[in-house]
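> First the structure, which I've put down as C-alpha cells, then a few questions once you've had a look.
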Amino acid sequence: MKLLNAQQIRELESITMERQNITSADLMQRTASKTYFWIKHNLGLKYAYTVVVGPGNNGGDGLVLAQFLTRNDYDVECVLLEVSDTYTPEYTYELEKLKRSDCKIKSVKTEADFEEVNLTGRIVIDAIFGIGLSRPAANMVASFIEKINTSLTQSVIAIDLPSGLYCDQLNSPDDTIVLADTTLTFHVPKPSFFFLEGGNSVGKIIVLDIRLDYAYANDIDSKYFYLTTELVGTSLKKRTIFTHKGNYGHANLIGGRKGMIGAAVLMTKAASFSGVGLITSTVPSVGLEILQQRVPVAMCETRYGEHQLEGEIEIDEKYTYGIGPGMGTSAASVQFLSNFLDKIDRPVVIDADAINCIAENPELLNKVPENSILTPHVKEFRGLAGDTTDSLKQLELLTSFSMKHKVYIVLKDARTIVCTPEGKCLFSLNGTPGMATGGTGDVLTGILTGLLAQGYTPEETAKVGLVLHGVAGELAAERLTEYAMTAETIIEEIGNAFKVLLNA
Ligand SMILES: NC(=O)C1=CN([C@@H]2O[C@H](COP(=O)(O)OP(=O)(O)OC[C@H]3O[C@@H](n4cnc5c(N)ncnc54)[C@H](OP(=O)(O)O)[C@@H]3O)[C@@H](O)[C@H]2O)[C@@H](O)CC1
Ligand SMILES: Nc1ncnc2c1ncn2[C@@H]1O[C@H](COP(=O)(O)OP(=O)(O)O)[C@@H](O)[C@H]1O
Ligand SMILES: [K+]
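Taking the UniProt record's numbering, the leading residue of the sequence shown gets 1, the next gets one more, and so forth.
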C-alpha cells in the first residue's frame, strides 16, 4: 500500500467522490460510521465519551460520530472549540443536526470556558485537527490540548491523527500535540507516524478502511510503501509435498566471539524457525559446545579461530550467508570480514559488528555484493553513512546510500524502514518498545538469512523478515508484557507470527 502525503490524500478523496458518485458529506458519514463501529466493538457503552471538535472536516467527523453515539444511547458530550469564524458547509450542516439531538454540546471560546469541561474518567475523542493542520496549535487550542494531556482521562482516541501532529511535515519539539492512546486513522498511516518528531503521540495505530478508490490509490506516484501483514502474507512461499530439506536452502550464520556467543546462538536459533532446510553456524571454537547444546538442529563450523573469527574463510556455494552479530571489530575481525567479502559474489545479510567494521574501514563497502541486505540500527547507520539532523534528511540519506551502493538497507528503529537499491522505501508499524533490549536485532539477522536461503528475493526477504520479526515481538509482548519479553521469547513467537501472516 502506498504511503501518501496530505495533498495526495485530498486528491484520492476527491477522485473517490467522483468515481463513487458520493459527496464529501457521504464520505464523512462513512468515516464516522467506521469509527463508531470500532468504538462499539472495542469499548462500548460502559464508558462516558467527550468528543472534542475543531473547525474543519476532522471536526466534521467528530460531529457525525457524536450523532452516532447519541443515537445509540452512549453517555456523550461534544465540545466545540471555537477557533474560527468560518466553517465548511458539511460542518455547519452536521452541527445543526447534532443540535437537534439529545447530545450535550459545550462551546469553548476562551480558556475561561475550560472550567465547564471535565474530562476526568472519560474517553476523549480528539477530532480537533486532521490532515489540514497548517501551523502549530497555539493559544486556546494549545491550552485545550494541554488540558486533554494532563487530565485523568480514561483514554484518548485521536481521529485520523493526533491533533497538532502534521500529516507529512516534521513537528518541532515544542509543538503541542494530543498524546493519544489510540489513533484511528483512515485508509493508510500518515508519514509523520514514522518520524521521531511527533511520532510518539500516536499510541496504538488502527487503520480503518473507508473504501477510497483502490485503483487510483495504487497508481499514485509515491516511492513510499506501507507493509501490512496481509500484503506480506501473500508473499509466503508454499511448501510442496514431495520436497526435502535440500529444497529449502542452507543458511550459514557467521558471528560470535568469546563472551558474545549468545549473539550467534540467537541468530542461529531464529534462523531455525524461519523454514530454512539446513543451518550451519560459523563461530570461533570456544562457541562449539554452547551452540550445539542451545541449537541442536544447527551444524557448527569452528575452523576459523578459537576466541574470535580469524583467517580466511572457505566459501561454499551451498550456503546463504549472514554475518556480523557478536564477531567484534578487532583487526583480525576486519581481516576476516575483508577476506569473506573478497570471495563472496552473491547477496548476503550483513549486521552489527560487520557493519561497524565496514564503518571503520569504508573501502570494504565496495566489496559488498550488490543486493545484499545491511541491517544497521540508527547508530550503526550513522557510522556507515554519516549524521543527519532530522528524520526527513535521514530518509534522504538512506535512499541515496542504498541507491549508490546498490544494497538493501533495513534501518532498524522503533519504526524500521527498508530502502531498496531503486530508492523505494518500505515502512512497517509492526513491533513494540518491548523489543528495545539486547539481542533482538540478532534475531532479525537469523530470520533474514533463513528467508534469503529459501530463495526469497532480497526484497521479499526484507519485507517478510521485517514484518515477521515485528509481529513476533508484538506476540511476545502480549504473552509476557513489554517489560519481561526478551530476544529469546521473540524467537518462540516466530511460529505464531507466521500464523498471523498466513491468516491475514
Ligand atoms: N475531505 C474529505 O472529504 C474527508 C475528510 N476527512 C476528515 O477530514 C480531515 C481533513 O479535514 P480538513 O481538510 O478540513 O482539515 P482539518 O484537519 O479538519 O483542519 C482544517 C481546519 O483547521 C484550521 N487550522 C489548521 N491548523 C490550525 C491551527 N494550528 N490553529 C487553528 N486552526 C487551524 C484550518 O484553518 P486554515 O488553515 O484554513 O486557517 C481549517 O479550518 C481528515 O483528517 C479526516 O479526519 C474524512 O472524513 C474523509 C473525508
Ligand atoms: N521502540 C521500539 N519499537 C519497536 N521495535 C524496536 C524498538 N526498539 C528496538 N526495536 C527493534 O529491535 C531490534 C533491535 O536491534 P539491535 O539494536 O540491532 O539489537 P541488538 O544489536 O541488541 O541485537 C530492531 O529490529 C529494532 O527495530
Ligand atoms: K484529530
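Glycine is no exception: its CB is placed at the ideal position from the N, C-alpha and C atoms.
Note that the structure is predicted; figures quoted are calculated from it, not measured.
#1: Confirm, please, whether the CB-CB distance from Arg10 to Gly213 is below 9 Å.
#2: Using CA coordinates, which residue listed in Glu370, Ile373, Pro369 and Leu365 is at the minimum distance from Ala385?
#3: Considering only the beta carbon of each residue, do Val467 and Val232 sit closer than 9 Å?
#4: Apart from the five residues on each side of it in sequence, which residues of its chain come closer than 6 Å, Cβ to Cβ, to Asp351?
#5: Please work out which residues of its chain come closer than 7 Å, Cβ to Cβ, to Asp345, disregarding the five sequence neighbours upstream and downstream, and give them in chain order.
#6: Taking three-plus beta-carbon pairs below 8 Å as touching, is the segment 324-341 in contact with the segment 250-269?
#7: Between which two residues does the beta strand (DSSP E) holding Ile323 run?
#8: Please identify the residue among Ile125, Val124, Leu65 and Glu77 whose C-alpha is closest to the C-alpha of Ala106.
#9: Kindly examine ligand 1 and report whether one of its heavy atoms sits closer than 8 Å to the Cβ of Leu161.
#10: Does DSSP put Ser274 in a helix, a strand or coil?
#11: In three-state DSSP terms, what is Thr50?
#12: Could you check how far apart the C-beta atoms of Leu95 and Leu63 are, in whole angstroms? I think they sit under 8 Å.
#13: Which two residues bound the contiguous beta strand (DSSP E) that contains Leu227?
#14: Which residue marks the beginning of the alpha helix (DSSP H) containing residue 557, and which one marks its end?
#15: Can you name the start and end residues of the beta strand (DSSP E) that Ser428 belongs to?
#16: Looking only at its own chain, which residues have a Cβ that is under 7 Å from the Cβ of Gly465, when we skip the five neighbours before and after it?
#17: Just to confirm before moving on: does the CB-CB distance between Ala434 and Ala477 stay below 9 Å?
#18: Give every residue of the same chain whose Cβ lies closer than 6 Å to the Cβ of Glu230, excluding the five residues on either side of it in the sequence, and list them in chain order.
#19: Do you know how far the Cα of Glu422 is from the Cα of Thr389?
#20: So which of Val349, Ala354, Met299 and Ile206 has the shortest CA-CA distance to Leu309?
#21: Straight-line CA distance for Val79 to Val51?
#22: Cα-Cα, which of Leu253, Gly441 and Lys424 is closest to Ile313?
#23: Assuming Tyr47 and Gln154 are in contact, meaning their beta carbons sit under 8 Å apart, how far apart are those beta carbons, in whole angstroms?
#24: What's the call for Gly275, buried or exposed, on a 16-neighbour Cβ count within 10 Å?
#25: Provide the residue span of the alpha helix (DSSP H) that contains Asp26, from first to last.
#26: Taking three-plus beta-carbon pairs below 8 Å as touching, is the segment 402-409 in contact with the segment 280-294?
#27: Tell me whether Phe144, by its Cβ, gets closer than 8 Å to a heavy atom of ligand 3.
#28: DSSP puts Val108 in a beta bridge; with which residues?
#29: What are the start and end residues of the alpha helix (DSSP H) that includes Cys357?
#30: Would you identify the three-state DSSP class for Arg68, choosing helix, strand or coil?
#31: Have a look at Ile210 and Thr35 and give me their C-alpha separation to the nearest angstrom.
#32: State yes or no: is the C-beta of Phe273 within less than 9 Å of the C-beta of Gly473?
#33: For my contact list, Ala112 and Gly54 are in at a C-beta cut-off of 8 Å; report their separation, rounded to the angstrom.
Straight from the coordinates:
#1: Checking the sequence shown, residue 213 turns out to be Asp, not Gly. No, the Cβ-Cβ distance between Asp213 and Arg10 is not below 9 Å.
#2: In this structure, Leu365 is the residue among Glu370, Ile373, Pro369 and Leu365 with its C-alpha nearest to the C-alpha of Ala385.
#3: If you check the CB distance, Val467 and Val232 come in under 9 Å.
#4: Excluding residues up to 5 positions away in sequence, Gly324, Pro325, Thr375 and Thr445 lie with their Cβ nearer than 6 Å to the Cβ of Asp351 in the same chain.
#5: Only Pro369 meet the Cβ criterion.
#6: Here the segment 324-341 makes contact with the segment 250-269; the two share three or more CB pairs at distances below 8 Å.
#7: Boundaries of the beta strand (DSSP E) harbouring Ile323: Thr320 to Ile323, taken from the DSSP string.
#8: Checking the displayed sequence, the identity of residue 106 turns out to be Lys instead of Ala. The candidate whose alpha carbon is nearest that of Lys106 is Glu77.
#9: Yes, since a heavy atom of ligand 1 falls inside the 8 Å radius drawn around the Cβ of Leu161.
#10: Correct three-state label for Ser274: coil.
#11: It is a strand residue.
#12: Sure, about 6 Å apart at Cβ, within 8 Å.
#13: For Leu227, the enclosing beta strand (DSSP E) stretches over residues Tyr224 to Leu227.
#14: This structure cannot settle anything about residue 557, because the visible part of the chain is limited to 1 through 504.
#15: Under the DSSP assignment, Ser428 falls in the beta strand (DSSP E) whose first and last residues are Cys425 to Ser428.
#16: By the criterion of a C-beta distance shorter than 7 Å, Gly465 is surrounded in its chain by Leu444, Ile447, Leu448 and Leu451, once the five residues flanking it on both sides are discounted.
#17: Here residue 434 is Gly; the residue named in the question, Ala, does not match the sequence. Their beta carbons are under 9 Å apart, which means Gly434 touches Ala477 by this criterion.
#18: Hits under 6 Å: Ala504.
#19: Put simply, the backbone Cα of Thr389 is about 24 Å away from that of Glu422.
#20: For the set Val349, Ala354, Met299 and Ile206, the Cα lying nearest the Cα of Leu309 is the one of Ala354.
#21: The straight-line gap separating the alpha-carbon atoms of Val79 and Val51 is approximately 6 Å.
#22: Comparing Cα-Cα distances from Ile313 to each of Leu253, Gly441 and Lys424, the minimum goes to Leu253.
#23: Confirmed, about 6 Å.
#24: It is buried - the Cβ of Gly275 has at least 16 other Cβ atoms within 10 Å.
#25: Ser24 to Asn42 is the extent of the alpha helix (DSSP H) around Asp26.
#26: Touching, no, given that fewer than three Cβ pairs across the two stretches are closer than 8 Å.
#27: No, the Cβ of Phe144 stays beyond 8 Å of every heavy atom of ligand 3.
#28: Beta-bridge annotation (DSSP): Val108 is paired with Leu81.
#29: Where Cys357 is concerned, the enclosing alpha helix (DSSP H) starts and stops at Ala352 to Glu360.
#30: Sequence check: residue 68 is Phe here, not Arg. When secondary structure is reduced to three states using DSSP, Phe68 falls in the helix class.
#31: Rounded to the nearest whole angstrom, the C-alpha separation of Ile210 and Thr35 is 10 Å.
#32: Going by C-beta atoms, Phe273 is not nearer than 9 Å to Gly473.
#33: In fact, because the Cβ distance is near 19 Å, the residues do not count as touching under 8 Å.
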